[in-house]
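Engineer:
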Amino acid sequence: MSNLMKLAIPLLNPNITIKDIEGSSGFVEAFFEDKNKPSLTDHLFLMYDTKAKGKDVAMCFYKLNKFTNRYSTRIARIDGKSYTVYCFTINRAIKLLRDGNIMLSLEQKKRILDFWDHKDPWITNNVLLGTMYEHPEPSVLPEEDYAPEEYGDEEGEAFN
1321 MSNLMKLAIP LLNPNITIKD IEGSSGFVEA FFEDKNKPSL TDHLFLMYDT KAKGKDVAMC
1381 FYKLNKFTNR YSTRIARIDG KSYTVYCFTI NRAIKLLRDG NIMLSLEQKK RILDFWDHKD
1441 PWITNNVLLG TMYEHPEPSV LPEEDYAPEE YGDEEGEAFN
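Counted from 1, the sequence shown has number 1407 at position 87 by my numbering; the numbering is strictly sequential.
#1: Whole beta strand (DSSP E) runs in the stretch 1390-1423 with 3 or more residues, listed along the chain?
#2: To which residues of the same chain is T1370 closer than 7 Å at the C-beta, ignoring the five residues directly before and after it?
#3: Tell me which same chain residues have a C-beta within less than 7 Å of the C-beta of P1441, skipping the five on either side of it?
#4: Rounding to the nearest angstrom, what Cα-Cα distance links Y1391 and F1408 in this structure?
#5: For P1330, count neighbouring Cβ atoms within 10 angstroms of its own Cβ and tell me buried if that reaches 16, exposed if not.
#6: What does the alpha-carbon distance come out to for the pair E1342 and N1385?
#7: Check A1350 in the structure and name its three-state DSSP category.
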């Protein structure tokens, strides 16, 4: 995950926790852009493996679908694998971060540090010192596989 996302995700929703973006919840990656949905410019996408199973996966699915800033949830097939992609409308603070403005309020810094629980040295050092990073290009959700209507997945169910 990019350093930019490490700053943005804690600001996405007050109810998101580090557990929601761990492998045990099926989390794969986070993106600011989606090649398949270029009109969604002020959104953040969280991608989860649909093959992941367990209590953490179910809790995460339930929780993310209740977020008030959730724009949509869809299944995407990328490189032959299925993923659940959650799309969230981003707030002003995340838009500023994405666009290169890294001035964070004290409250935002506290939220980020509490979210990561001081386990990431880059976050701890750079958020506290305010030295952040060189602004990278936002990551892009890969293009989906072409799937005609009659295309079926491994279980023989139609994939749309």
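For glycine and all other residues, C-beta sits at the position ideal for the given N, C-alpha and C.
Structural biologist: In terms of the structure at hand:
#1: 1390-1398 and 1401-1409
#2: I1395, S1402, Y1403 and T1404
#3: none
#4: 5 Å
#5: buried
#6: 17 Å
#7: strand
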